[in-house]
Each structure stands twice: as structure tokens, then as C-alpha cells.
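S.K.: Residue numbers (the working numbering): 766 to 1292.
Every residue gets a Cβ at the ideal spot worked out from N, C-alpha and C, and that includes glycine.
Below: one structure in C-alpha cells.
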């Protein structure tokens, strides 16, 4: 009888064990064959010997997850065995352990076989890579905290020291802002704070990448008229032109994206940082601005401009400003991942940064280009920095296994779940599912993950965390590192996050619940 029939008709435990053993042996043979096909394409990319087992496990995991195992999982649970649901980092060892237990149940196995250390070694490998890239947490938390340094950190060493003291083990410098002088001061302050704390603080320099942004804009009088007169007068006194600084957009409004500002247009006009993308816009395509706060549908296009209608925005409107990010989901964006400003930043980063953040990486060619540029700048015998792959687009998500192998095969690698851009690119309704899948995939590759975007955003910026933000922060404990953004209350946010992570460590390790004693209902007089 088949497994499903045995489950539905109440077959004997022995019959179920026999059917399962046969099926799992078939699965093992199938995934080994498919994984080897994958490794034929990957093997030449891996020059770090200690990463080869990780690549092989990732190939096995991809092959395993290509099979629907729901019936097998039900049957395994019915026999009190592992359902394979936590096999990410040790696929072969988990399958073999379950097969051996089934053989023991049927009298076909060797009951005194030694415990396979491959079931525990991969977790230690991930932890070692976490510590190598993001440093040690003095409080013993399993998840590290990375915090973005604001521009003020260049002239405020106490701020950096306070962030480290609160629990940050890594600091992020966003190369889209400031300059070499400011970056140098931030690096020096981080080293001073690390020396004071008696530990290493990992410095990540985040290359800006080719993010599409609003470059310039012009708001007509009809749009500016929605603003308060006091604000307009204040800007005028400061010598700031409101028309080129912001425009309040409402649902139903129209905007023009063009190669040059349309100063005579009755609609707000804007240019893009990559004007060639105008050629890729098609009628009915969606354009999202400012992390999805503004959604617009393309109404019509010409050679040099596109007219869009605002269809998603807060009822009271949303301000469009220069430098706000633009997402074009479903639109082919054929832009090199490294631009001239990234090359300049890389000149500084090599020798100063422990980690390079790679924004908008999408293909293995992008990674090879960056690895080539790093090798050019790396002194002979020097250790290469770690590479963080920021997964921000649908194409990057699709290529993620190949990106990990290409990067990790040569240098230490981690993956950032850039949830802001991903939510806009994939749709907010898919984000929860996708962030879980990225966590699983990276565990299979035995590489650390950064959980990023708007973690405790309300607390960092306004001094107050919402209940939803607190729950999100608790979920982040399953990653190896959590990134906090800058804000006037960032020190408080780091300290608060460290407490949450410490509490969650009692109850969760990746996907595995820890059965620590429950305290909320403990009766001092006994149960």
C-alpha cells in the first residue's frame, strides 16, 4: 500500500515503516543525482575548500525541496520520527538518520551505530561564520546587532561608543551619503569604541549601487498650493526653491517622468537617476516611489517621457522629494551593478572595512565584477573583506543560490534580506513567505543572514515602538544578524533589541523551538 492509503486507512506501524523506508531510499537516490548535476555547474566556482561542503548541501537541499514531501512528513510524525522539517543545514545526515531509524524499527539496521556529527557540525559552522563576519556578542546572544551610523557620527565619537555599549557588534556606513573624510572619522570612532569595549566591532561599508532614484523635480503652483504658506515662506527665507524640493501628491494626481524637467507642465515633473529606464516603461506598468509609499500607473509613453497616474498614496497625500527611491517591478533593469561612485567608495573601503555591502546585486556576473575590483585593490597577502549580498529584486531572489556559491566560493559571504525593496518588487503580500524561504536557503548554504529594513523603526526615529514592530524584532532572532537604521533614538533601540534577542534565545534556535521552562505560569507553590 502507498503511504497515503496507509495513513487514511490506519495501516500497521510496520507497514508504514516499510513504505516509508522504500520511499526515502528512492528520494535519497533522486536528490543525489539531481544535486550532482547542480554541482557540475558550481564546482569550478568554489576555491575555498571549507565552502565546498556548504555548496554540496545547498545543492542537496534544492533537490530535496523540488519534491512534495507533505505525505512523507505526516507518516514520519505518525511514527514519532523526524519529519525532515529542520534538515536545512544537514540534508544528507538527516535523511540517513531517519532511514537508519526505520531500518532499526524493521530489524534491518545496526542499532549501536554512532551518532552522526554531521547533524551538529553545520550549525557550529554557521555560528563560526557569523562570528567571523559580525563579531562576538559580549552578552552571549546568538543574533548580532548591526546599526547604521548617521552623518553626525563623524563628529560624535560618544554616539558610536554608546551604540557599541548598548549592544551593537557591527556598524554600517552607507556610502550613498557623506564622503571619505566623514567615513574615516566614523571608522576611527568605531575602532576607538571597540578598544574601549575590549572586542572587535565589524565595519560594513555599503556600496550605494545603481539604485533608481528621483534625480530632480519641479512642482507646479497647483501642487505647491496644497502646502502650508508658513512652510513655503520659511523655505523661501532659507533660499530653498520649494518647487524643486518637494510636492504633495494625492491619489488621482498625474506626474511626468522625463529626460528633462517639463517646467511648463500642469503636472509635477521629475527626472530619474537612470534616464535610460524610461525606454523600458510600458502602459499599465506600476512604478513605486519612496519604498512603496507612492504607487503610480503608467498611462502613456513617448520617446522622452511617460505620464503616470497616482493610484496609491495616503489619503492626505505623500511628499515626493529628490533622492527618493524608485522601483519598477516587472521591468527589465539592465544597469551595471557597480557605478563610478562605487569604485571610489571601494578604493576607501579596502583597508578600512571588514565587510562590503553589495547593493542591487542580481547576477553572478555582478559578483565576479566586484570580486575582480576587490582583488585589484587588495594588498598582496591581505585578507579579503566579507561580502554581504543585499537581495532587493526579483531577479536577485531567483538567482540567490548561484549568487551565494559564486560569492562564498571565493570569500566569506552573508545575505541581507532587504525587506523594503523586496516588498515593493514582489508585493507586500509575498514578503513574509519570501523572507522565510531566504532564511531556509541560507541555512542550507550555511551562511549568515541579516534581517533588515524598518526593524524597530518607530523606536529609533520617534522613541516609541509599536506592538507589531516588537513582534517583528522577536522574529528577527532567527537570523544571525539584525540591522537597525539610524535615528535620534538609535541607542535606545539597540539596547531594547538586545533584550528581545536575549529573551527569544531561550525559546528558539532557527526553526527549532527550545523547550526551556515556561515562566509566565510558574506557580511558586508547585504545579
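Within the continuous alpha helix (DSSP H) that includes residue 1256, where are the two ends?
M.R.: Numbered from 1 along the chain shown, position 491 holds the residue referred to as residue 1256. It spans 1255–1270 - the alpha helix (DSSP H) in which residue 1256 sits, taken as one unbroken run.
S.K.: Tell me which residue opens and which closes the alpha helix (DSSP H) that residue 1182 is part of.
M.R.: The residue given as residue 1182 occupies position 417 in the chain shown. Element bounds for residue 1182: not the alpha helix (DSSP H) but the beta strand (DSSP E), 1178–1183.
S.K.: Run through the DSSP bridge pairs and tell me what residue 971 is partnered with.
M.R.: Here residue 971 refers to the residue found at position 206 of the chain shown. In DSSP, residue 971 forms a bridge with 939 and 1122.
S.K.: Exposed or buried, residue 1197, counting other C-beta atoms within 10 Å across all chains shown (16 or more means buried)?
M.R.: Along the chain shown, one-based indexing puts residue 1197 at 432. The residue is exposed, with fewer than 16 neighbouring Cβ atoms inside 10 Å.
S.K.: With distances taken Cα to Cα, identify the nearest neighbour of residue 1179 among 892, 814 and 797.
M.R.: By 1-based counting over the chain shown, the position of residue 1179 is 414. The residue with the shortest Cα to Cα distance from residue 1179 is 892.
S.K.: Keeping to the same chain, check which residues put their C-beta closer than 8 Å to that of residue 804; ignore five residues upstream and five downstream.
M.R.: On the chain shown, residue 804 is found 39 positions in, with the first residue counted as 1. 820, 821 and 824, listed in sequence order.
S.K.: Would a C-beta distance cut-off of 9 Å place residue 1115 and residue 1142 closer than the cut-off?
M.R.: The count along the chain shown starts at 1 and reaches residue 1115 at position 350. The count along the chain shown starts at 1 and reaches residue 1142 at position 377. In this structure, residue 1142 lies closer than 9 Å to residue 1115 by Cβ.
S.K.: For the beta strand (DSSP E) that residue 1019 lies in, which residues bound it at each end?
M.R.: As a first step, residue 1019 is located in the chain shown; it is residue number 254 there, counting from the start. Unbroken beta strand (DSSP E) run through residue 1019: 1019–1023.
S.K.: Among 1113, 1088 and 1168, which has the Cα closest to the Cα of residue 946?
M.R.: By 1-based counting over the chain shown, the position of residue 946 is 181. Selected option, being the one with the closest Cα: 1113.
S.K.: Measure from the alpha carbon of residue 1177 to the alpha carbon of each residue in 1270, 1005, 1154 and 1000, then state which is nearest.
M.R.: Start at 1 with the first residue of the chain shown, and residue 1177 comes out as number 412. Considering only alpha carbons, the answer is 1154.
S.K.: Would you mind working out which of 957, 930, 970 and 1017 sits nearest residue 942, comparing C-alpha positions?
M.R.: As a position in the chain shown, residue 942 is number 177, starting the count at 1. Nearest option by C-alpha distance: 970.
S.K.: For the putative contact between residue 1183 and residue 1132, defined by C-beta atoms under 8 Å, what is the C-beta separation to the nearest angstrom?
M.R.: On the chain shown, position 418 is the one that residue 1183 refers to. On the chain shown, position 367 is the one that residue 1132 refers to. With a Cβ gap of about 16 Å, residue 1183 and residue 1132 do not count as contacting.
S.K.: Give the range of the alpha helix (DSSP H) segment to which residue 856 is assigned.
M.R.: Taking the first residue of the chain shown as position 1, residue 856 is located at position 91. Under the DSSP assignment, residue 856 falls in the alpha helix (DSSP H) whose first and last residues are 856–870.
S.K.: Just list the beta strand (DSSP E) runs in the segment 1064–1100, keeping only unbroken ones of 3 residues or longer that don't cross its boundaries, in chain order.
M.R.: 1070–1077 and 1083–1085
S.K.: Is it the case that the Cβ atoms of residue 1174 and residue 1222 are separated by a distance below 9 Å?
M.R.: Residue 1174 sits at position 409 when you count from the first residue of the chain shown. Residue 1222 sits at position 457 when you count from the first residue of the chain shown. Cβ atoms of residue 1174 and residue 1222: not closer than 9 Å.
S.K.: Between which two residues does the alpha helix (DSSP H) containing residue 909 stretch?
M.R.: As a first step, residue 909 is located in the chain shown; it is residue number 144 there, counting from the start. Counting along the chain, residue 909 falls outside any alpha helix (DSSP H), though it belongs to the beta strand (DSSP E) covering 909–913.
S.K.: Can you list, in chain order, the residues of its chain with a C-beta nearer than 6 Å to that of residue 1075? Leave out the 5 residues immediately preceding and following it.
M.R.: Counted from its first residue, the chain shown places residue 1075 at position 310. Excluding positions up to five away in sequence, the list reads 1014, 1016, 1018 and 1061.
S.K.: Tell me where the beta strand (DSSP E) around residue 1205 begins and ends.
M.R.: Within the chain shown, numbered from 1, the residue matching residue 1205 stands at position 440. First-last for residue 1205: 1193–1210, but that is the alpha helix (DSSP H), not the beta strand (DSSP E).
S.K.: Can you check whether the CB of residue 1093 is closer than 9 Å to the CB of residue 1050?
M.R.: For the purposes of this step, residue 1050 is identified with residue 285 of the chain shown, where counting begins at 1. For the purposes of this step, residue 1093 is identified with residue 328 of the chain shown, where counting begins at 1. Yes, these two residues count as a Cβ contact at 9 Å.
S.K.: Please report the distance separating the alpha-carbon of residue 1064 from that of residue 901.
M.R.: Taking the first residue of the chain shown as position 1, residue 1064 is located at position 299. Taking the first residue of the chain shown as position 1, residue 901 is located at position 136. Straight-line Cα distance between these residues: approximately 52 Å.
S.K.: Quick one: give me the first and last residue of the alpha helix (DSSP H) that residue 955 is part of.
M.R.: Working through the chain shown from its first residue, we reach residue 955 at position 190. If you look at residue 955, you'll find it in the alpha helix (DSSP H) that goes 945–962.
S.K.: Give the range of the alpha helix (DSSP H) segment to which residue 1246 is assigned.
M.R.: On the chain shown, residue 1246 is found 481 positions in, with the first residue counted as 1. From DSSP, residue 1246 is part of no alpha helix (DSSP H) but of the beta strand (DSSP E) over 1246–1249.
S.K.: Taking all protein chains shown into account, do 16 or more other C-beta atoms lie within 10 angstroms of the C-beta of residue 1055, making it buried, or fewer, making it exposed?
M.R.: Reading the chain shown from its first residue, position 290 is the one you call residue 1055. Buried, since its Cβ has 16 or more Cβ neighbours within 10 Å.
S.K.: Go ahead and pull the three-state DSSP assignment for residue 977.
M.R.: Position 212 of the chain shown holds residue 977. Residue state, collapsed to three classes: coil.
S.K.: Roughly how many angstroms separate the alpha carbons of residue 1210 and residue 1038, rounded to a whole number?
M.R.: As a working note, residue 1210 is residue 445 in the chain shown. As a working note, residue 1038 is residue 273 in the chain shown. Rounded to whole angstroms, residue 1210 to residue 1038 spans 35 Å at the Cα level.
S.K.: Using a Cβ distance threshold of 8 Å, determine whether the segment 827–834 contacts the segment 805–818, with at least three qualifying pairs required.
M.R.: Judged by Cβ distances under 8 Å, the segment 827–834 makes no contact with the segment 805–818, as fewer than three pairs qualify.
S.K.: Could you please give me the residues that DSSP links to residue 1155 through a beta bridge?
M.R.: For this step, residue 1155 is matched to residue 390 along the chain shown. Answer is 1181.
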